[in-house]
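Take a look at the structure below.
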Amino acid sequence: MKNAYWIIFFIVLTIACSDKSNQTQLEKGAEYPDQESWGVTIILTDSSIERARVQSGHLEKYNQEQHIMLDQIVKVDFFDKKQNHVAVLNSAKAEVDQKTNNMKAIGDVVAVSDSGITLYTDTLFWNAKKEQMNTKDSVMITTIEKDTLYGVGFESDSDLQNWKVLKPSGVTNRVKK
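My numbering puts the first residue of the sequence shown at 3, with every later residue one more than the last.
Below, the structure is given as structure tokens:
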């Protein structure tokens, strides 16, 4: 019986002195942001002229990739060359390439021009240099005249004035004359 106590004592002592810990270790090679911010506003410019103002609840910046991830409700205001507001875009998330200022809006994307055009899609790319938006996803567009156009694929300028749906279908409430 005395030996049983000594055996139990040494087992407890061995377990208590073991080198293993329950600390969570970071995954080797895992990608973590270099900077994080909350409640952010980013100004995208071309030759010192504001072209887009991006707002989000959370930002992750990756210096090596020159990449910004916005992952909490994104709002983008677009401006023309005279800095007049022309459109607003809302999405769940967005990615910004810091080398080019190009942006990809992701999830529940809604773009509304000041002229009354509204675009709904899942993803939308904005080319900062060309000032063009495009997607290969399904789209729905409503006009100020209450027309609704559906399709797959979309191209437009930033103010949604000159746009085209690549594979269109739709309905109109207009009376044929």
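Built from N, CA and C at the ideal position, the CB exists for glycine as well.
Exercise for review: Would you kindly work out how many angstroms separate the C-alpha atoms of V42 and M71, rounded to a whole number?
Suggested key: 12 Å
Exercise for review: Can you tell me the Cβ-Cβ gap for I44 and V98, rounded? I've got them flagged as a contact below 8 Å.
Suggested key: 7 Å
Review point. Looking at the structure shown, is N104 part of a helix, part of a strand, or coil, going by DSSP?
Key: In this structure, DSSP gives N104 a state outside helix and strand, which the three-state scheme calls coil.
Point to revise | Cβ contact check for the region 146-163 and the region 79-95: 3 or more pairs under 8 Å | key: yes
Exercise for review: With DSSP as the reference, label L162 as helix, strand or coil.
Suggested key: coil
Exercise for review: Measure the alpha-carbon distance for A130 versus S50 and round it to whole angstroms.
Suggested key: 13 Å
Practice item. With DSSP as the reference, label V177 as helix, strand or coil. Key: coil
Point to revise | For Q66: DSSP bridge partner residues | key: Paired residues: none, contrary to the question.
Review point. Buried or exposed: which applies to K84, given that a residue is buried once 16 or more other Cβ atoms fall within 10 Å of its Cβ?
Key: Result: exposed.
Practice item. Tell me whether E157 sits in a helix, a strand or coil according to DSSP, three-state version. Key: strand
**Study point:** Pair within 7 Å by beta-carbon distance, K95 and D73
**Key:** It is a contact, given that the beta carbons lie within the stated cut-off.
**Study point:** Distance, T47 Cα to Q66 Cα
**Key:** Near 21 Å, if we compare the C-alpha coordinates of T47 and Q66.
Exercise for review: Could you tell me how far apart the beta carbons of V112 and T120 are, in whole angstroms, since I believe they sit closer than 8 Å?
Suggested key: 7 Å
Exercise for review: Rank V167, H69 and S58 by C-alpha distance to the C-alpha of T123 and give the top, closest one.
Suggested key: V167
Point to revise | Range covered by the beta strand (DSSP E) that runs through I45 | key: Q37 to D48
Check your understanding: Using the beta-carbon count (16 or more within 10 Å), is S158 buried or exposed?
Key -> Answer is buried; the Cβ neighbour count reaches 16.
Exercise for review: To the nearest angstrom, report how far apart S171 and Y34 are at their CA atoms.
Suggested key: Whole-angstrom Cα-Cα distance: 43 Å.
Point to revise | DSSP beta-bridge partners of R53 | key: According to DSSP, which records beta bridges pairwise, R53 is partnered with nothing at all.
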